[in-house]
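In order, the protein sequences belong to chains A and B.
Taking my numbering, the leading residue of the first sequence gets 1, the next gets one more, and so forth.
Taking my numbering, the leading residue of the second sequence gets 1, the next gets one more, and so forth.
Glycine included, each C-beta is placed from N, C-alpha and C at the ideal position.
Notes follow once the structure below has been shown.
There are 2 protein chains.
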Amino acid sequence: MGITKTDSYTDQTLALASIFKALGHPARIAILAYIAKQTACICGDIVAELPLSQASISRHLAELKEAGLIKGTISGTSVCYCIDETQLPLLETFIHQIKQLQNQTCCA
Amino acid sequence: MGITKTDSYTDQTLALASIFKALGHPARIAILAYIAKQTACICGDIVAELPLSQASISRHLAELKEAGLIKGTISGTSVCYCIDETQLPLLETFIHQIKQLQNQTCCA
DNA sequence: ATTATTCATCGTAATATTGCGATATAGAAG
DNA sequence: CTTCTATATCGCAATATTACGATGAATAAT
């Protein structure tokens, strides 16, 4: 069947797109890489590491959090952000499927 | 060292972000999935499959192409679009690294 | 209690994306 | 040459994103 003109995108398509969208900005890639790299989970040091204001970093963190890619824990006056792995398999599965489904003889 | 306020993002970060950005729209996810699914590589049937105008589809295809995720081959008056796998390993590597670097004891 | 620190949110300006109709381009068919 | 078919591109309007200063909220320190 596939997608027709009358129905919209599937939930899965929408979910994938929103996760990819969250990764579609260099600041958020850098933030994610930074958080993953730290042995102890770091909060506002990101502000010191990236060329963005505290307000902008906070916004990017909120977007990553909303996409389920990180989670934040309040500890005193600061917030500790960590990787949330739960969404990553979705991306891996999608990429795998694309690779596997691809027809090798296409456009030969 | 990491990223400081004075230098911008690394080339790798920018490259990753632009690929993810290209995937950050449901129409482009659907297009990619559709192209991958076809046994013969299909061109403008996508227009019939998605709830978007021909102009919009063409725009999305151009973005996927610019991100290196698909490639188009002209055959007569139509264009045959196919998956270009070359960028996918970058995404896989990034996701793997995030998973591996992540500190399990973070935010315990 | 006052002040400092850390982070989130608001308001706003600048910029980018999205979608579509109209139009252009290029090859196929007649 | 004219016409049809398949795509791409232009121009425009609507919407979304991004960034930042200013401000708010909450805890820590004095």
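Alpha-carbon spacing of residue i relative to residue j, whole angstroms
i: GLU85(A); j: LYS99(A); result: 22 Å
i: THR77(A); j: ALA62(A); result: 17 Å
i: GLY2(A); j: LEU90(A); result: Legend: pLDDT at GLY2(A) = 48, less than 50; position of this residue unreliable, no value from coordinates given.
i: GLU92(B); j: SER18(A); result: 18 Å
i: THR10(A); j: ALA33(B); result: 12 Å
i: GLN54(B); j: LYS71(B); result: 18 Å
i: ILE95(B); j: LEU101(B); result: 10 Å
Interface flag, residue i vs chain A, CB-CB below 8 Å
i: THR93(B); result: no
i: HIS25(B); result: yes
i: ALA36(B); result: yes
i: LEU16(B); result: yes
i: SER78(B); result: no
i: ILE70(B); result: no
i: ILE74(B); result: no
Reference residue i, options the options, closest by Cα
i: ALA30(A); options: LEU14(B), ILE70(B) and LEU32(B); result: LEU14(B)
i: ALA27(A); options: LEU23(B), LEU16(B), CYS41(B) and LEU32(B); result: LEU16(B)
i: LYS21(B); options: HIS96(B), VAL79(B), TYR81(B) and ALA67(B); result: ALA67(B)
i: VAL47(B); options: ILE35(B), THR39(B) and ALA40(B); result: ILE35(B)
i: ILE74(B); options: ALA33(B), SER8(B), LYS37(B) and CYS41(B); result: CYS41(B)
i: LEU23(B); options: THR39(B), LEU69(B) and SER8(B); result: LEU69(B)
i: CYS80(B); options: LEU101(B), ILE95(B), GLN87(B) and SER58(B); result: SER58(B)
i: PRO51(B); options: LEU64(A), GLN102(A) and SER8(A); result: SER8(A)
i: HIS25(B); options: CYS82(B), HIS60(B) and LEU88(B); result: HIS60(B)
Chain B within 8 Å of residue i, Cβ atoms only
i: THR13(A); result: yes
i: GLY2(A); result: For GLY2(A), the pLDDT reaches just 48, beneath the cut-off of 50, and the residue's location in the model is therefore unreliable, leaving the point undetermined.
i: ILE83(A); result: yes
i: LEU90(A); result: no
Unbroken alpha helix (DSSP H) run spanning residue i, endpoints
i: SER8(B); result: No alpha helix (DSSP H) holds SER8(B); DSSP gives it neither H nor E.
i: SER78(B); result: Unbroken run through SER78(B) is the beta strand (DSSP E), 78-83; no alpha helix (DSSP H).
i: GLN97(B); result: 88-101
i: LEU61(A); result: 54-66
i: LEU50(A); result: No alpha helix (DSSP H) holds LEU50(A); DSSP gives it neither H nor E.
i: ILE42(A); result: Premise fails: ILE42(A) is in no alpha helix (DSSP H) and is neither H nor E.
Boundaries (first-last residue) of the beta strand (DSSP E) holding residue i
i: THR73(A); result: 70-75
Open item on the list: Against chain A, which members of the region 36-68 of chain B pass a CB distance test of less than 8 Å?
Closed with: ALA36, LYS37, GLN38, THR39, ALA40, CYS41, ALA48, GLU49, LEU50 and PRO51
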